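In order, the protein sequences belong to chains A and B.
Its first residue numbered 1, the first sequence is counted upward by one per residue in my numbering.
Its first residue numbered 1001, the second sequence is counted upward by one per residue in my numbering.
Just so it is clear, CB atoms sit at the ideal spot from N, CA and C, and this is done for glycine as well.
All of these numbers come straight from a predicted model, not from anything done at the bench.
2 protein chains.
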Amino acid sequence: MIDNPFYAPEFHGPYELFSLGDFVLEEGYTLRDCRLAYATFGELNEAKDNAILVTTWYSGTHQIMRDVYIGPGRALNPEEYFIVAINQIGNGLSSSPHNTDGTHAMAGFPRVRIGDDVRAQERLLRELFGIERLELVVGGSMGAQQTYEWAVRFPEKVKRAAPIAGTARNTPHDFIYTQALVETITSDPAFEGGWYEGSSGLRSALARHARIWSVMGFSTEFWKQERWRPLGFASADDFQVGFVDAYFAPMDPNDLLCMAWKWQRGDVSRHTEGDLAAALGRISAKTFVMPIDEDMFFPPRDCAAEQKLIPNSELRVIESTGGHLGLFGFEESFIPQIDRHLGELLSS
Amino acid sequence: MIDNPFYAPEFHGPYELFSLGDFVLEEGYTLRDCRLAYATFGELNEAKDNAILVTTWYSGTHQIMRDVYIGPGRALNPEEYFIVAINQIGNGLSSSPHNTDGTHAMAGFPRVRIGDDVRAQERLLRELFGIERLELVVGGSMGAQQTYEWAVRFPEKVKRAAPIAGTARNTPHDFIYTQALVETITSDPAFEGGWYEGSSGLRSALARHARIWSVMGFSTEFWKQERWRPLGFASADDFQVGFVDAYFAPMDPNDLLCMAWKWQRGDVSRHTEGDLAAALGRISAKTFVMPIDEDMFFPPRDCAAEQKLIPNSELRVIESTGGHLGLFGFEESFIPQIDRHLGELLSS
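What follows is the structure, given as structure tokens:
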């Protein structure tokens, strides 16, 4: 356990904790008192058939999903749906290296897989709310990995699925990209094998980690067109310092590494002995596959190749010069596209 | 000066040295006994009108240009042309941080710009060979930066130009990408501000530098299609260890940093107070702008935007899943395309 004031309701808004008790992970370790942090929006109806699950991405929490994706008048409308946003394991609010005591604290935290998150989320929804079927599962990036995992693992429980800017089986290039992120942290002597005293000594490492996000997270046009200017920055470096570096600076390095390991290994074909077509063929959900056109590491062609393997699916490409991090919704045109596609999906 | 056996004829093939004497750099420092390493192929005719200049890229030397781009029966045919391949300053064969003595040794090496290389190359060609006009200037990546600089700075001396996979004015994204490369080295405590005893302590840093090349240097499809397999590797990591890491491992870190600084600031519009259209409008050379379709950091659209500003030019896109590092010619289809375009250019 390491104190980190960032992971608190004052930064992320209110949330609840659900304990799974001792939770056995796919890699064969038992996470004691495994907790999921979640937030709900709207009311569950009596038939319990208006539930939507919103998942989270690398470094993200329910906060950004709440602020950018959910709201009255939006596709994810809490006046119509009961929306549950569940924080992924390792994201700092749910059980994570930095907030775990004992054997599994910090560098001792066990390896977690996307499948662990999805099994844990399924239990939360069923045991806490009695939800047996979801109108929609939706998430971006690693949230898309969880969305695919839901649709393949629990086909009967997922009526619709909207994986945004992510893949069902992580690509080799994505693995290498994530590894470069990982090594900015693990190569720093202050990392001490994950047993650092505090994370302030790792601020430089986190900045290097952020700068690799700068290279891959946006698009070449984002930088060329100076799209950071309308966001209130005076130069590209000002934007990197004030937005990209600042975003990651308060985070716990081990927490990021926990998520990175999981991201690298997201793969629904683990259910079908490596046969991706067989895994995706299991999906019964109506699925909108929603890549971002300028995404440098989940390029549309990778997503399109998977979409072709999903029976009842459509490819819906989002246009955004923001690239992958367009997910943050900082470009005005982004959210209307999301809402249009999710609205169509929900009414189909 | 630091001993580095890699920078020797046994690894790069024979070359000559030309001394410029004391050479004043654009940044206002005097490089004493500035030397250019060069190699020639073919014979200069009496009229001295069959000369071609071949430039080098980041980390590259005349060796790869000789082995991959030049040869009998090729567009760059030494039976027809007098081909001079000149190593850029900082590449380890020409004057570079690691092979310089005194004040300018190692971290004391002054900042060098693309314009310095081009002025130095012009002197070599004129003073040593009496060459006043070039049939062609051609180079890839940073070699393309030098090619553009030649065509803008000395329009009357360049009859044809072929910048491959590079830009006339470096893009903001490219700057950020290169900075991420730089920081893998400068952030390592063993770097000691550039005053390391030997570079073996920086092997890990050089490997991280290499791994960022893995992320950006190829294409997402290169990794997905396992295009490393025909190159004789058993896994993606085997390829990274055996090809990418191994390529950079013997190099001098300060030499790489010298080239990186130069790359980041390549900009022909320095001649025209920042007006890129005016700079490129000066070019009288018949110019083929040759981006690689899958290049992640010199994407065709950046090159196409520049090509439109060059009076007598054509856009010739090279198709290569190899991405930027397709320049190495490891994909069978790459060199025939280069030869076809250069052949057409030379016969026009």
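- Contact annotation: GLU1122/B and PHE1082/B have beta-carbon atoms that are not nearer than 9 Å.
- The beta carbon of LYS48/A does not come within 9 Å of any beta carbon belonging to chain B, so the residue lies off that interface.
- In the three-state reduction of the DSSP assignment, TYR81/A falls in the coil class, being assigned neither a helical nor a strand state.
- Interface flag for TYR177/A against chain B is set, since a Cβ pair is found closer than 9 Å.
- Separation of ALA1279/B and VAL1289/B (C-alpha to C-alpha, rounded to the nearest whole angstrom) is 16 Å.
- Contact check for ILE70/A against ALA165/A fails: the beta carbons are separated by 9 Å or more.
- Taking 9 Å as the Cβ-Cβ cut-off, the region 45-71 of chain A has no residue approaching chain B.
- Selection SER1204/B, GLY1042/B, ALA1168/B evaluated against PRO1189/B yields SER1204/B as nearest (Cα-Cα).
- Taking 9 Å as the cut-off, the beta carbon of HIS173/A is found closer than this to the beta carbon of THR1220/B.
- ARG119/A: member of the alpha helix (DSSP H) spanning 114-123, first to last residue.
- Under DSSP, the beta-bridge partners assigned to SER19/A are ARG35/A.
- For GLU1306/B, the three-state secondary structure derived from DSSP is helix.
- Contact fails between the region 196-203 of chain A and the region 1218-1238 of chain B, because fewer than three Cβ pairs, one in each stretch, are under 8 Å apart.
- Leaving aside the five residues that flank LYS1157/B on each side, the residues in its chain whose CB is nearer than 8 Å to its CB run, in chain order, GLU1122, GLU1132, ARG1133, LEU1134, TRP1150.
- Under DSSP, VAL158/A shares a beta bridge with LEU134/A.
- Scanning the region 1225-1267 of chain B from its first residue to its last, the whole alpha helix (DSSP H) runs of 4-plus residues come out as 1236-1239, 1253-1264.
- When the Cα atoms are used, LEU1309/B and ARG74/A turn out to be separated by approximately 45 Å.
- For GLY1281/B, the closest of CYS1258/B, ARG1119/B, ASP1293/B, ALA1305/B by C-alpha to C-alpha distance is ALA1305/B.
- The continuous beta strand (DSSP E) containing THR1287/B extends over residues 1286-1289.
- Here ARG1208/B is near THR1184/B, since their CB atoms are less than 9 Å apart.
- DSSP places LEU276/A inside the alpha helix (DSSP H), whose first and last residues are 276-281.
- Looking from the CA of PRO9/A, the closest CA among GLY92/A, THR56/A, GLY329/A belongs to GLY92/A.
- Residue state for ARG74/A is assigned as coil, using DSSP reduced to three classes.
- Per DSSP, reduced to three states, the secondary structure at ILE2/A is coil, with no helix or strand assignment.
- The Cβ of ALA249/A sits no closer than 9 Å to any Cβ of chain B.
- A Cβ-Cβ distance of about 5 Å is found for the pair PHE1222/B and THR1321/B, placing them in contact under the 8 Å criterion.
- Two segments are said to touch when three or more pairs of C-beta atoms, one from each, lie closer than 8 Å; by this definition the region 1237-1249 of chain B does not touch the region 329-343 of chain A.
- Contact check between the region 1044-1063 of chain B and the region 1023-1036 of chain B: fewer than three CB pairs, one atom from each, fall below 8 Å, which does not count as touching.
- Taking 9 Å as the threshold, the shortest C-beta distance from GLU1226/B to chain A falls below it.
- Contact between ILE89/A and VAL54/A is absent: CB atoms are separated by about 16 Å, not below the 8 Å threshold.
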